[in-house]
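Chemist: In terms of the working numbering, the sequence shown opens at residue 73 and continues consecutively.
We treat Cβ as the ideally placed atom computed from N, Cα and C, and that holds for glycine.
These figures come from a predicted structure and were not determined experimentally.
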Amino acid sequence: GALAGYPNARPKDYKDSQATRYDTQAKKTVKVTFSAGDVIPFECLPGFTTNGAKDGGTTFDVNCSELGYYKPSGVCLKASKCGPVPNISHAVPTGKTAGDGVKFACASGYSLDGETVVGGGLGKNQLFELKCVEFSGGYEAFTGECKPYAFVPATETVRVYNKVFEALFTVSCKGTLKKAFGAGAPPAGLDAACGKVQDGATRAECSKLVAQIRADFQTQLAAREAHDQKSNRSWYEAEDPGRPGIGGHAQAFCSRLWKLLEMPGL
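1. If you run the structure through DSSP and keep just helix, strand and coil, what is Tyr182?
2. Taking the beta strand (DSSP E) that Gly167 falls in, what are its first and last residues?
3. Suppose the cutoff is 6 Å on Cβ atoms and the five residues either side in sequence are ignored; what does the same chain contact list for Asp95 look like?
4. Can we say the segment 110 to 125 touches the segment 141 to 149, given the rule of at least three CB pairs closer than 8 Å?
5. In chain order, what residues of the same chain lie with their CB nearer than 8 Å to the CB of Val104, ignoring the 5 residues before and after it?
6. When you compare each of Val190, Ala322, Tyr141 to Ile112 by their alpha carbons, which one comes out closest?
7. DSSP has Ala81 in a bridge; who is on the other side?
8. Taking 7 Å as the threshold (C-beta atoms), are Val157 and Pro144 in contact?
9. At which residues does the beta strand (DSSP E) containing Cys136 begin and terminate?
10. Please say whether Glu201 and Ala170 have beta carbons closer to each other than 7 Å?
11. DSSP state of Asp127, grouped into three classes?
12. Quick one, are the C-beta atoms of Arg328 and Leu262 less than 7 Å apart?
13. Could you compute how far the alpha carbon of Lys219 sits from the alpha carbon of Ala163?
14. Using three-state DSSP, classify Glu201 as helix, strand or coil.
15. For a test of the three-state rule: what should DSSP assign to Lys153, helix, strand or coil?
16. Taking the C-alpha atoms as reference points, what is the distance between Glu309 and Asp85?
17. Whose C-beta lies closer than 8 Å to the C-beta of Gly195 among residues of the same chain, with five residues either side of it excluded?
18. Who are the near neighbours of Phe289 in its chain, counting only those whose CB is closer than 6 Å to its CB and skipping five residues on each side?
19. In the DSSP assignment, the beta strand (DSSP E) including Val102 goes from what residue to what residue?
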């Protein structure tokens with residue numbers, strides 16, 4: 073589907089960032105989309121690097137997965153005088169900053185207190201911040217610990233998911249659905265979303281989610297069409313906040329899908 077966006081980063085190839093391109097064979101303008109297996113190079117915006125150091129790397133890849141969403145291999149952090157962000161066991165930087173601090177999140181299956189992380193909450197037992205100490209030129213020490221609260225099997229698939237910050241997954245997943253809704257049809261990879269889930273019960277639950285979001289697409293598209301026919305506005309998206317959309321349904325679908333993907337049944 074359409075390419076997702078990431079904080080403080082942009083596609084390295086300008087053409088990848090465009091919504092449309094001219095197809096020389098079809099001799100018409102078509103939408104820029106990507107398929108499962110595609111790898112799209114990204115670069116950090118000026119002033120940002122992949123490890124937070126001023127001389128750090130500035131590129132990372134985004135993979136279009138077979139599950140129908142994008143998986144970034146890194147994040148872009150504001151370059152700091154404190155150098156590279158520290159490596160914290162079972163935690164990853166979120167790409168967000170607060171003043172001179174860097175925000176981290178415990179990986180999937182881990183929390184700061186060993187208790188389950190509540191989906192859709194404020195992340196009080198998942199998120200933490202390390203400040204840059206100007207006097208020492210380094211980051212303050214992390215005195216806590218990301219403790220396991222659930223068994224996480226060591227399969228390659230789950231190992232990858234554990235390194236992907238939940239918020240980034242949700243942003244990518246939701247962005248893909250919203251762009252597809254704007255195009256008038258569910259994303260092409262939606263039917264394959266449950267194909268890699270091996271546990272029968274989990275796969276059945278996943279299939280229900282996919283069926284529900286497909287139904288939501290049809291319902292909301294019909295509601296939007298009816299709304300547009302009654303409206304005299306020319307620019308619905310910019311001027312009509314009451315226009316039906318898929319945002320709320322996409323948020324619920326992506327949050328529940330993440331919970332299924334982090335279960336041991338994968």
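Modeler: To lay it out plainly:
1. strand
2. 163 to 170
3. Val102
4. yes
5. Ala74, Leu75, Lys87, Asp88, Gln90, Ala91, Thr92, Arg93
6. Tyr141
7. Cys116
8. no
9. 131 to 136
10. yes
11. coil
12. no
13. 10 Å
14. strand
15. coil
16. A caution first: Glu309 carries a pLDDT of 48, below 50, which makes its placement in the model too unreliable to give a value.
17. Ala177, Val189
18. Pro258
19. 100 to 103
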